[in-house]
Each structure stands twice: as structure tokens, then as C-alpha cells.
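Chains A and B, in that order, are what the protein sequence lines are. Oh and the first sequence: position 63 is 1294 in our numbering, straight run, nothing missing. Oh and the second sequence: position 34 is 318 in our numbering, straight run, nothing missing. Idealized CB from N, CA, C, for every residue including glycine. Here the structure is a predicted model, which means the values were calculated and not measured. Okay, structure first, notes after.
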Amino acid sequence: GENVEQHPSTLSVQEGDSAVIKCTYSDSASNYFPWYKQELGKRPQLIIDIRSNVGEKKDQRIAVTLNKTAKHFSLHITETQPEDSAVYFCAAEGAAGNKLTFGGGTRVLVKP
Amino acid sequence: EAQVTQNPRYLITVTGKKLTVTCSQNMNHEYMSWYRQDPGLGLRQIYYSMNVEVTDKGDVPEGYKVSRKEKRNFPLILESPSPNQTSLYFCASSLLGGIGTDTQYFGPGTRLTVL
């Protein structure tokens, strides 16, 4: 089945700096890659996603890039703010469809 | 208000005592799913359902059962809970029968402790 690795597990950045989280996946047939943000004590919420026919997608300060050849995708947060502090999860939908495999999560701390 | 609800939110129980965690959505979603969240392991899918009476195993189905008798409800059943099922559980739903088709909405979570 699908395996998703996420790095780093923790990330501390200064407010205003950029943060980058990287994920690799194993199933070359995967075609959907969402990113979720989970604030402390809250439920995961979708922040951005990308499909395999697109190489990059941006939404204000966040962007996701996908390299299908290398089977990795990344989340980029620019001009980080304290409210960006949270756990971020990447995920991939496997070839069988309808099953979402998550990475282990990255705890991001933005220091004021 | 469109939402996914779960009950109970917190539960402490003992080994072997059957329990059910309910999940309900009011968005007429076809797809529903259960995940467990453990530190360092992310969220792992337990079971999912494409529609009424259609369920299938996720990555970690052992020790769990589900049912989908109505479109809005997708209960998670632990027939004989064990301590390794201590976890944070999330129910999720999406409009269509496929994760890649649209946004998946999560419930608030149920923190289960099995002693």
C-alpha cells in the first residue's frame, strides 16, 4: 500500500521567515495530495491540495509543489505569522482510490 | 450549520467493554471515513464508506467494526476494546464517493482511553 514520509517532524521559524515541509510517497499511481493544518485541540482542516496534473498551486501565503517523477511534494509557507503555528499533515490518495494515507505530521512553531 | 458531529468527545473505559462512537453529518455527503491519530503516526484510516450499505477496510481495521445504515450516520464499534486502541479518533465526510473529488470535513474528535 501507499507509504507517506514527512519531514521534518518539528520546525521552528522566526516570524516573517519561510517554512518548508517535504513529503515523499511510494505509490506512483497516487494522484491527489492534500495538506491539512491541525491547531492544538482542534480537528484537521484542509488548507491546500494539488492534483497530479498540476506542478504547483498557490493560495496567498501558502503554496504546494509536486514532483511526480521524484514522488515528492512540498508545502511552502511564506511570511510566517504566529497563527501559522500548528501541526501540518501531508497526505496522498493511493491507486485504489478512496483511501487517504497521511504523513506523520510536522509541528511548526512560529516565534514572534 | 453544516457539520460533522461525534459523540462522545471523551471516553474512558475498561478492556473488553463494548463501545460505540457515533458520527453524524448533515451535509448529505456520500463518503464517510474513520481515522485514528497517534503521536508520530499521523492519521491512519480505519474504515470508510462510499455510500449507504457500502463499507470497506482502511489501513488499520483490526478490532473495529462500522455500519452505514443511513446516509448521515457512520458509527464506529469496538466490540472488545484493548489498551492499544487508546487514541484520538476522527470521523470525516465528503460530498462525493472519492477523496480526490472534493474536500473532506472532519468531526471534532473523540479521545478514547482504554484501561
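Mapping DSSP to helix, strand and coil, what is residue i?
i: D1347 (chain A); result: Here chain A has residues from 1232 to 1343 only, and residue 1347 (chain A) is not among them.
i: D1315 (chain A); result: helix
i: N1298 (chain A); result: strand
i: P367 (chain B); result: helix
i: V1341 (chain A); result: strand
i: Y1256 (chain A); result: strand
i: L1242 (chain A); result: strand
i: P359 (chain B); result: coil
i: D1248 (chain A); result: coil
i: T299 (chain B); result: coil
i: S1261 (chain A); result: coil
Could you check whether the Cβ of residue i sits closer than 6 Å to any heavy atom belonging to the ligand COA?
i: G324 (chain B); result: What this structure holds is no ligand at all, so the ligand COA is not there to describe.
Does the distance from the C-beta atom of residue i to that of residue j stay below 7 Å?
i: S333 (chain B); j: F358 (chain B); result: yes
i: P392 (chain B); j: R1292 (chain A); result: no
i: Q1269 (chain A); j: V1235 (chain A); result: no
i: D322 (chain B); j: S366 (chain B); result: no
i: G1272 (chain A); j: G326 (chain B); result: no
i: E285 (chain B); j: L380 (chain B); result: no
Assuming residue i is part of the beta strand (DSSP E), what are its boundary residues?
i: S351 (chain B); result: That residue, S351 (chain B), is in no beta strand (DSSP E); it is neither H nor E in DSSP.
i: H1303 (chain A); result: H1303 to I1308
i: T289 (chain B); result: V288 to N291
i: K341 (chain B); result: V338 to K341
i: G1286 (chain A); result: Counting along the chain, G1286 (chain A) falls outside any beta strand (DSSP E), and DSSP gives it neither H nor E.
i: S333 (chain B); result: G326 to N335
i: V398 (chain B); result: T394 to V398
Can you tell me which of the options puts its alpha carbon nearest to the alpha carbon of residue i?
i: S377 (chain B); options: A:K1330, A:L1297 and A:H1303; result: A:K1330
i: Y331 (chain B); options: B:Q287, B:V298 and B:K341; result: B:K341
i: T1337 (chain A); options: A:K1299, A:Q1237 and A:T1300; result: A:Q1237
i: Q329 (chain B); options: B:Y348, B:R352, B:E363 and B:V298; result: B:Y348
i: G1325 (chain A); options: A:G1286, A:W1266, A:S1257 and A:P1343; result: A:S1257
i: R1304 (chain A); options: A:D1315, A:S1316 and A:I1279; result: The identity of residue 1304 (chain A) in the sequence shown is Phe, whereas the question assumes Arg. Comparing Cα positions, the closest option is A:I1279.
i: G324 (chain B); options: A:S1240, A:K1342 and A:P1343; result: A:S1240
i: C307 (chain B); options: B:P345, B:Q287 and B:E337; result: B:Q287
Assess, as a yes-or-no matter, whether the stretch 1246-1266 of chain A is touched by the stretch 1305-1317 of chain A under the definition of 3 or more beta carbon pairs within less than 8 Å.
-> yes
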